[in-house]
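Read in this note's numbering, the sequence shown has 62 at position 62, and its numbers run on one by one without any break.
Even for Gly, the Cβ is constructed at its ideal location relative to N, Cα and C.
Everything numeric in this text was worked out from a predicted model, so none of it was measured.
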Amino acid sequence: MKTYMAEQTIIVYSCSEDEQAVFEQCREKYDIKLNLYKEDISEETIGLARGCECISINHATRVTPNMIDRLYEVGVRYISTRTIGFDHIAVEYATSLGMEVETIRYSPNSVADYAIMLILMATRQAKSLLKRTEVQNYSLPRKAGREIQELTVGVIGTGCIGSTLIEHLSGFGTKILAYDLYQKDSVKQYATYVSLETILRESDVITLHMPAKNETKHMINRKTIAMMKDDAYIINTGRGSLIDTEALIEGIESGKLGGAALDVLENELQYLYQDLQDVPLANFEFALLNSFPNVVITPHMAFYTEQAVRDMVVNSMENCMNYLGQSNKRLVETQIREII
1 MKTYMAEQTI IVYSCSEDEQ AVFEQCREKY DIKLNLYKED ISEETIGLAR
51 GCECISINHA TRVTPNMIDR LYEVGVRYIS TRTIGFDHIA VEYATSLGME
101 VETIRYSPNS VADYAIMLIL MATRQAKSLL KRTEVQNYSL PRKAGREIQE
151 LTVGVIGTGC IGSTLIEHLS GFGTKILAYD LYQKDSVKQY ATYVSLETIL
201 RESDVITLHM PAKNETKHMI NRKTIAMMKD DAYIINTGRG SLIDTEALIE
251 GIESGKLGGA ALDVLENELQ YLYQDLQDVP LANFEFALLN SFPNVVITPH
301 MAFYTEQAVR DMVVNSMENC MNYLGQSNKR LVETQIREII
């Protein structure tokens, strides 16, 4: 009887240069067949997966119901996304067709430490200082920075990344408030769990670590911004949909907010990981935010460390192999029944 998994090829989309070396190591270690493509998954590249059950993708492209239909037609039954979230995939539709979608885990230190960096950049006016230095302006900014140990930091979401952030942030001696529907005893030694309203009213800095769901969409909006302290800072390394962009812009322009540091933005997929320095941005809100001296924007790269990249690739491959192992088991059971 043939080994089903050994015959299967796993298709990898959006394979970056630093991922390729890890995929090659997986190919050798696990003795699996891999087709690696730099191209993102799209209507034009779905055909590359014809005859293959498993594909591995990242968050660079939205996988729509139409794309799910096409993937199903060419034989795909399992999607491993090299991300913690799957808001870029029409998961419910895929599930309705009998397809499986699975996420991965990677080092929480990557995003947690990046969020702390953004907190420091926002509260110490780093963007203005760096821009002044570029043009040899060595004067002090109009606004003095704030020392982090004098601030109250509110952490919304205490999952793996949020709880790691809290542990690392505790070393700065700052007061930390936390909000989550599911409280952790490990977090309580560093932070105080409070209501969402208390977080909004009492925090000098609010950092977001919630997943993208219908109930969390625009959780930061005109109403919640109005509840915040004057001169508060918003940090987002979670998902762009957590913030109502129009409300954020109003909060910055009015002076209600002291600033923001954003690694994720609404509708970011149309720009993500592209060099657009000589191209006018069609998204006015994106361009406007980027023009503010007290708003730091980075291109969804908080996760981007060598360790996290390795974790993403290895865990995605292990997910695929686990699926194929179960598929092999089902095939063998079917063959046995046919023989009997």
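Query	Result
For V153 and G85, the rounded distance between their alpha carbons	24 Å
C54: first and last residue of the uninterrupted alpha helix (DSSP H) it sits in	Segment 54-57 is the beta strand (DSSP E) holding C54; no alpha helix (DSSP H) there.
Cβ-Cβ separation, C320 to C54 (assumed contact under 8 Å), whole Å	4 Å
Short Cβ contact (7 Å threshold) for A49 with V12	no
Burial state of Q303 (16 or more Cβ within 10 Å)	Just to set this straight, residue 303 is Phe in the shown sequence, not Gln. Burial call: buried.
Reduced DSSP secondary structure (H/G/I, E/B, other) of N319	helix
Neighbourhood of Y106 by C-beta, 6 Å cutoff - its chain only, sequence neighbours within 5 removed	A308, D311, M312
Proximity to M99 [Cα-Cα], best of A90, I235, Y78, I116	Y78
In chain order, each beta strand (DSSP E) run of at least 3 residues that lies wholly inside the stretch 83-139	100-102
Span of the beta strand (DSSP E) around K175	175-179
C-alpha gap between E318 and L34, whole angstroms	13 Å
7 Å Cβ cutoff met for L97 and I156	no
Inter-residue spacing [alpha-carbon to alpha-carbon] between Q149 and C52	53 Å
Which of helix, strand or coil DSSP assigns to M5	With a pLDDT of 48 at M5, under the threshold of 50, the modelled position of that residue is not reliable, and the figure given next carries that caveat. Of the three classes helix, strand and coil, the one that applies to M5 here is helix, per DSSP.
Range covered by the alpha helix (DSSP H) that runs through L289	284-291
Proximity to H300 [Cα-Cα], best of E24, I249, K223, H59	H59
Own chain, CB closer than 6 Å to G240, minus 5 neighbours either side, in chain order	V264, L265, E266, E268
C-alpha distance - E338 paired with G325, whole-angstrom precision	Per-residue confidence for E338 stands at a pLDDT of 43, beneath the threshold of 50, marking its modelled position as unreliable; the derived number appears in the next sentence. Rounded to whole angstroms, E338 to G325 spans 20 Å at the Cα level.
Per-residue burial, Y138 [other beta carbons within 10 Å of its own, 16 or more giving buried]	exposed
Residue from Y114, T103, D69, T83 with nearest C-alpha to Y93	D69
With 16 other Cβ atoms within 10 Å as the buried cut-off, status of T123	buried
Contiguous alpha helix (DSSP H) assignments of at least 4 residues, all confined to the stretch 208-289	222-227, 245-254
CA nearest to the CA of K188, picked from K256, K175, T198	K175
Spatial distance of A247 from A287 (CA atoms)	15 Å
Of the listed residues Q20, E39, A112, S128, nearest to R142 (C-alpha basis)	S128
Q8 to Y323 span [Cα, whole Å]	11 Å
Distance, L177 Cα to K38 Cα	42 Å
Backbone secondary structure at Y30 - three-state DSSP	helix
Opposing strand residues paired with N35 [DSSP bridges]	I11
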